[in-house]
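Here the sequence shown stands for residues 779 to 994, where the numbers follow our numbering. Note that the Cβ used here is the ideal one computed from N, Cα and C, for glycine as well.
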Amino acid sequence: MPRPPKPPPELLDICKRWSETIEGISGNAARMEFFQNELPGFLQNQALFEKLLKNIKTGSPYPDLRQAQMIDDEILLYLNPKRLFSLRMFLYGPGDYTPIHDHNSWGVSGSAVGELGVIRYGRQDDGSVESFAQLLQAAPVYLNPGEIELTRPLDEGIHQTGNPVDGTTIMISVYGSPIRRLFINRFDDKTNKVEKLYPPRIKKKMLALQALKNFS
Ligand SMILES: [Fe+2]
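The structure is reproduced here in C-alpha cells:
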C-alpha cells in the first residue's frame, strides 16, 4: 500500500512533539487538558493554514482529500501512530453546519479562521428505544479565531459545529483515541430519529457483505 502523504515539516514537528508528550500523559482528562493548552497557540499558525489551503487548491497529495471521513467537511491532517490522538481540519462555507452528531472520543476544537458556531444538545431520553432520541438544544456558542471548546464522547458531546456567518470558517480539532464503536450517531431533533453513521470504507464493506448473500 502506498505510504500516506507527509505533512509539511513545520506541522510534522509539532505533531511529533505532541506525540512524545502525550505518550507520557495517562488518562483522558490529562490528555484533554494538554491539548486545551496547546490548541490556542497552534491556531495562531496562519502561515501553516494558508499553506494547507494552497495545497488543497493545487491538488497536492497532502492533505489527502480522497480519504473519506465520517463528516463531509472533514480532512485528516495527522494520526498519531498509536492512535492516541488525531488532528483534523474542517472547512465550513457560509451558513454550513454539520448534522447533529455525537463522538467516540473527547475532542478539543477551535477556529483558525472565521467565526465558529457550536450548538450543543442535551439528551432527554434514556436511549432505550432503538433509533429514537429526544434532544434539547442549548444556546449556541460563537468562537472567534484562537478560541477553543471541548467535546465529550457519546451522549455528553452531542453537538453540531459550523459557520454562522459569511466567508469560510476553518475549524481545527484534536480528538483522543476512540472507544470501540464503529459508528457515530446522527440525530434529527425535529423527527427524533437517530441514524448510525459509518465511515464510508466500513459502510461499503457492510453493503458488500449484504450483497454477497445474493450469490450464495
Ligand atoms: Fe463534532
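May I have the straight-line CA-CA distance separating N823 from S887, to the nearest angstrom? Each residue's alpha carbon lies about 15 Å from the other.
Compute the minimum distance between the beta carbon of T876 and the heavy atoms of ligand 1, and state whether it is under 7 Å. Yes, the beta carbon of T876 sits closer than 7 Å to at least one heavy atom of ligand 1.
Ordered along the chain, which non-local residues of its own chain (more than five positions away) have a Cβ less than 8 Å from that of D851? F868, L869, Y870, D874, T876
Taking S838 as the reference, which of P782, S804, A917 has the closest Cα? P782
Would you identify the three-state DSSP class for N815, choosing helix, strand or coil? helix
Given the structure, does T939 come close to ligand 2, in the sense that its CB is under 7 Å from one of the ligand's heavy atoms? Ligands displayed in this structure: ligand 1; ligand 2 is not among them.
Check N858 in the structure and name its three-state DSSP category. The DSSP-derived three-state label of N858 is coil.
What residue ranges within the segment 863-942 form continuous beta strand (DSSP E) runs of no fewer than 3 residues, ordered along the chain? 863-870, 885-891, 894-901, 913-915, 919-921, 926-929, 937-940
The beta strand (DSSP E) spanning I950 covers which residue range? 947-954
So which of Y920, I950, L830 has the shortest CA-CA distance to G885? I950
Am I right that L921 and Y899 are in contact with their C-beta atoms under 8 Å? What's the rounded C-beta distance? Between Y899 and L921 the Cβ distance is about 17 Å, and since that is not below 8 Å, they are no contact.
6 Å Cβ shell around A916 - same chain, five flanking residues per side excluded: If you ignore the 5 residues before and after A916, its C-beta comes within less than 6 Å of the C-beta of R898, all in its own chain and listed in chain order.
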